[in-house]
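Residue numbers (the numbering used here): 462 to 634. Take a look at the structure below.
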Amino acid sequence: IFGSLLGMCLIIQIMTGLFLAMHYTADVYSAFSSIAHISRDVQYGWLIRNIHANGASMFFICLYLHVGRGLYYGSYMFKETWNIGILLLLLVMATAFVGYVLPWGQMSFWGATVITNLLSAIPYIGTSMVEWIWGGFSVDNATLTRFFAFHFLLPFIIAGASILHLLFLHETG
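Below is the structure:
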């Protein structure tokens with residue numbers, strides 16, 4: 462049942478996300494005000510935004526229950542299905558993280574700064590990876606633009622990987 466709920470959550474997230482993307486501006490000077498515009502001026506924008514934000518939490522509740530059930534029943538024995546599922550978990554986590562940054566408030570900015578800086582602990586390539594993700598030497602406009610692009614594209618990749626997950630599930634039982 463949790464897999465079906467995950468499918469429903471993904472569809473709701475994509476649909477609400479598409480409506481939000483029509484009004485969002487990925488620019489450090491106007492991102493926060495575009496969120497305020499969505500919430501205050503767009504008809505039912507407040508509802509769509511809240512469904513999208515709270516839908517992410519529901520998505521994770523269903524996802525953790527789905528993984529927990531898989532662990533309980535030993536679904537990890539079916540390696541391809543399990544590995545695609547773990548890949549989906551990581552993709553959903555990445556999508557949620559970059560989505561968290563998009564409102565560009567203080568928590569968003571510092572969340573992006575702290576979490577991306579964790580990569581700098583990787584020997585030799587960490588600092589270069591961080592600067593590549595940032596698009597410069599600090600979290601700025603290039604970072605926000607990249608995160609918006611990833612947040613827009615990753616759900617469609619997740620949908621494709623979910624279909625692949627289901628195909629392998631039907632092969633293994």
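C-beta atoms are modelled at their ideal positions from N, C-alpha and C, and glycine is treated no differently.
ask   = Among the residues of its own chain, which have a CB less than 7 Å from the CB of phenylalanine 558, if the five just before and after it don't count?
value = Position 97 of the sequence shown, counted from the first residue, corresponds to residue 558. The answer, listed in chain order, is Ile576.
query = When we look at the beta-carbon of glutamine 504 and count the other beta-carbons within 10 Å, is it buried (16 or more) or exposed?
reply = The residue labelled residue 504 in the question sits at position 43 within the sequence shown. A residue is called buried once 16 or more other Cβ atoms fall within 10 Å of its Cβ, and glutamine 504, having fewer, is exposed.
ask   = To which residues of the same chain is serine 581 closer than 6 Å at the C-beta, ignoring the five residues directly before and after it?
value = The sequence position of residue 581 within the sequence shown is 120, counting from 1. Answer for serine 581: Gly587, Thr588, Val591, listed in chain order.
ask   = How many Å lie between phenylalanine 570 and serine 536 at the Cα?
value = Indexing the sequence shown from 1 puts residue 570 at position 109. Indexing the sequence shown from 1 puts residue 536 at position 75. Across the structure, phenylalanine 570 and serine 536 are spaced so that their CA atoms are roughly 38 Å apart.
request  = Alpha carbon to alpha carbon, how far is valine 600 from tyrosine 490? Give it in angstroms, no decimals.
outcome  = Along the sequence shown, read from residue 1 onward, the residue named residue 490 stands at position 29. Along the sequence shown, read from residue 1 onward, the residue named residue 600 stands at position 139. Taking the straight line joining both Cα atoms gives about 13 Å.
ask   = Should leucine 563 go down as buried or exposed, given a rule of 16 or more other Cβ atoms within 10 Å for buried?
value = Within the sequence shown, numbered from 1, the residue matching residue 563 stands at position 102. If you draw a 10 Å sphere on the C-beta of leucine 563, you find 16 or more other C-beta atoms in it, and that means buried.
inquiry  = Does methionine 469 come out as helix, strand or coil in the three-state DSSP assignment?
reply    = Taking the sequence shown and counting its residues from 1, the one referred to as residue 469 is at position 8. Residue state, collapsed to three classes: helix.
ask   = Nearest CA to the CA of leucine 532: which residue from Ile547, Ile472, Ser518, Phe520?
value = Walking along the sequence shown from the start, residue 532 turns up at place 71. Residue Ile547 is the option with its Cα nearest to leucine 532.
ask   = What is the rounded straight-line gap between the Cα of glycine 560 and the Cα of phenylalanine 611?
value = Your numbering for residue 560 matches position 99 in the sequence shown. Your numbering for residue 611 matches position 150 in the sequence shown. Going by the C-alpha atoms only, they are around 9 Å apart.
query = Expressed to the nearest angstrom, what Euclidean distance is found between the alpha-carbon atoms of alanine 620 and leucine 552?
reply = Against the sequence shown, residue 620 aligns to sequence position 159. Against the sequence shown, residue 552 aligns to sequence position 91. Cα to Cα, alanine 620 sits roughly 11 Å from leucine 552.
task = Please state whether DSSP places proline 584 in a helix, a strand or coil.
result = If you number the sequence shown from 1, residue 584 lands on position 123. Secondary structure of proline 584 (DSSP, three-state): coil.
query = At a cut of 8 Å, does the segment 513-525 reach the segment 493-504 through at least three beta carbon pairs?
reply = By the Cβ test, the segment 513-525 is not in contact with the segment 493-504, since fewer than three Cβ pairs between them sit closer than 8 Å.
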